[in-house]
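Visitor: What follows is a structure written as structure tokens; I'll ask about it next.
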Amino acid sequence: GQQLNQSPQSMFIQEGEDVSMNCTSSSIFNTWLWYKQDPGEGPVLLIALYKAGELTSNGRLTAQFGITRKDSFLNISASIPSDVGIYFCAGRTGKLIFGQGTTLQVKP
Amino acid sequence: GAVVSQHPSRVICKSGTSVKIECRSLDFQATTMFWYRQFPKKSLMLMATSNEGSKATYEQGVEKDKFLINHASLTLSTLTVTSAHPEDSSFYICSAGTGLPNEKLFFGSGTQLSVL
């Protein structure tokens with residue numbers, strides 16, 4: 001079945017540093033979405049990507065839809081303590097499936 | 109972003125009872141809704157895809173007779189866990205799509221089910 005490989009699994013960074021995480025798959029997706037989830041809550045949509053090569057920003061967040069439609073990355077610039085949480089990529093072709101998540105910890 | 113309301117947020121029930129979880133899209137019509145299950149510190153596992161007015165499509169290994177899904181309207185889908193057992197205890201989350209083009213998928217706040 002379809003699988004998304006998300007990396008890194010976890011990151012521990014200093015406040016102010018930039019962060020990068022990515023997802024790859026052997027399958028092609030029509031839509032890539034990036035979410036953030038806090039404990040005990042549902043995921044919150046950060047960025048949605050619809051076209052191969054699309055680069056979209058949302059404040060300090062930037063994400064790109066890979067040219068091959070099999071990958072995507074998310075960058076967070078100048079991290080702050082409230083960026084802490086679990087970030088998930090998700091790919092949509094009919095189904096919406098999720099990567100394994102990247103746990104981000106930010107040291108003030 | 110759009111709002112998806114999920115209720116209840118937490119439920120504790122006795123083994124053998126049934127539990128219904130509601131998922132509503134409050135400010136948009138959702139042709140498609142998804143139901144997920146999430147274990148602590150794990151990713152979201154797709155259980156089923158629900159399309160309004162038709163039968164849900166279940167993922168491999170998910171018992172359709174145990175996890176009953178009804179998507180009776182464009183704003184409401186329900187998941188009923190029938191004859192719940194302790195191993196059904198989990199965090200259940202729904203998602204609703206805004207539809208094409210440029211569909212966005214928003215999530216409810218989740219339901220923590222504990223079966224005693």
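If you're matching them up, the sequences are chains U and F in order. Residue 100 in my numbering sits at position 100 of the first sequence; the count goes up by one each step and never skips. Going from the second sequence to my numbering is simple: count from 1 and add 108. Every residue gets a Cβ at the ideal spot worked out from N, C-alpha and C, and that includes glycine.
#1: Suppose you measure from the CA of U:Q3 to the CA of U:I76; what does that come to, to the nearest Å?
#2: Give a yes or no on whether the minimum CB-CB distance between F:F147 and chain U is below 8 Å.
#3: Can a CB atom of chain F be found closer than 8 Å to the CB of U:F65?
#4: Please state whether DSSP places U:A82 in a helix, a strand or coil.
#5: Hey, would you say U:Y87 sits closer than 8 Å to U:L96, going by beta carbons?
#6: Under the criterion of a Cβ to heavy atom distance below 7 Å, does F:D135 qualify as lining the ligand HEM?
#7: Per DSSP, which one or two residues make a beta bridge with U:K95?
#8: Under 8 Å, do F:A138 and F:G205 count as touching if we go by C-beta distance?
#9: Using only CA atoms, which one of F:K163, F:V223, F:V170 and F:F215 lies nearest to F:C131?
#10: Cβ closer than 8 Å: which chain U residues qualify as neighbours of F:N210?
#11: Report the residue from U:D18, U:T102, U:A48 and U:A63 whose alpha carbon sits nearest the alpha carbon of F:L152.
#12: Leaving out five residues before and five after F:S117 in sequence, what residues of the same chain have Cβ atoms less than 8 Å from its Cβ?
#13: Is it true that the CB of U:F29 sits closer than 8 Å to the CB of U:Q105?
#14: Helix, strand or coil: which one does DSSP assign to F:D173?
#15: May I ask you to list the residues that DSSP assigns as paired with U:T31?
#16: When you compare the CB of F:S197 with every CB in chain U, is at least one pair closer than 8 Å?
#17: Any C-beta of chain F within less than 9 Å: which residues of the stretch 85–100 of chain U qualify?
#18: DSSP has F:G205 in a bridge; who is on the other side?
#19: Counting only beta-carbon atoms, is U:E41 nearer than 8 Å to chain F?
#20: Check for me: the beta strand (DSSP E) holding U:T24 runs from which residue to which?
#21: Tell me which residue opens and which closes the beta strand (DSSP E) that U:S57 is part of.
#22: I believe F:K122 touches F:L224 by the beta-carbon criterion, under 8 Å. Please report the beta-carbon distance rounded to the nearest angstrom.
Guide: In short:
#1: Position 3 of the first sequence, counting from 1, holds the residue named residue 3 of chain U. Position 76 of the first sequence, counting from 1, holds the residue named residue 76 of chain U. U:Q3 and U:I76: Cα-Cα distance of roughly 24 Å.
#2: To locate residue 147 of chain F, count along the second sequence from 1; it is residue 39. Output row for F:F147: interface = no.
#3: The residue given as residue 65 of chain U occupies position 65 in the first sequence. Taking Cβ atoms only, chain F never reaches closer than 8 Å to U:F65, which makes this a no.
#4: Position 82 of the first sequence, counted from the start, is the residue given in the question as residue 82 of chain U. Reading the sequence as shown, one finds Ser at residue 82 of chain U and not Ala. Helix, per DSSP.
#5: Stepping through the first sequence from its first residue, residue 87 of chain U is reached at position 87. Stepping through the first sequence from its first residue, residue 96 of chain U is reached at position 96. No.
#6: Ligands in the displayed structure: none, and consequently the ligand HEM is not present.
#7: The sequence position of residue 95 of chain U within the first sequence is 95, counting from 1. Per DSSP, U:T93.
#8: Your numbering for residue 138 of chain F matches position 30 in the second sequence. Your numbering for residue 205 of chain F matches position 97 in the second sequence. Yes.
#9: Here residue 131 of chain F is taken as the residue at index 23 of the second sequence, counted from 1. When only C-alpha atoms are compared, the closest one is F:F215.
#10: Position 102 of the second sequence, counting from 1, holds the residue named residue 210 of chain F. What F:N210 touches in chain U: A48 and Y50.
#11: Along the second sequence, read from residue 1 onward, the residue named residue 152 of chain F stands at position 44. For F:L152, the nearest C-alpha among the options comes from U:T102.
#12: Locating residue 117 of chain F in the second sequence gives position 9, where the first residue counts as 1. So the qualifying residues of the chain are S217, G218, T219 and Q220.
#13: As a working note, residue 105 of chain U is residue 105 in the first sequence. As a working note, residue 29 of chain U is residue 29 in the first sequence. In this structure, U:F29 does not lie closer than 8 Å to U:Q105 by Cβ.
#14: Position 65 of the second sequence, counted from the start, is the residue given in the question as residue 173 of chain F. Coil, per DSSP.
#15: Position 31 of the first sequence, counted from the first residue, corresponds to residue 31 of chain U. Beta-bridge pairing links U:T31 to U:R92.
#16: The residue you call residue 197 of chain F lines up with position 89 of the second sequence. So no, F:S197 is outside the interface.
#17: I86, F88, A90, R92, G94, K95, L96, I97, F98, G99 and Q100
#18: What you label residue 205 of chain F is simply residue 97 of the second sequence in a count that begins at 1. F:G205 pairs with F:L213.
#19: Within the first sequence, numbered from 1, the residue matching residue 41 of chain U stands at position 41. So yes, U:E41 belongs to the interface.
#20: One-based indexing of the first sequence puts residue 24 of chain U at position 24. U:T24 -> beta strand (DSSP E) spans V19 to T24.
#21: If you number the first sequence from 1, residue 57 of chain U lands on position 57. Its beta strand (DSSP E) spans residues L55 to N58.
#22: Position 14 of the second sequence, counted from the first residue, corresponds to residue 122 of chain F. Position 116 of the second sequence, counted from the first residue, corresponds to residue 224 of chain F. That pair is a contact at about 6 Å.
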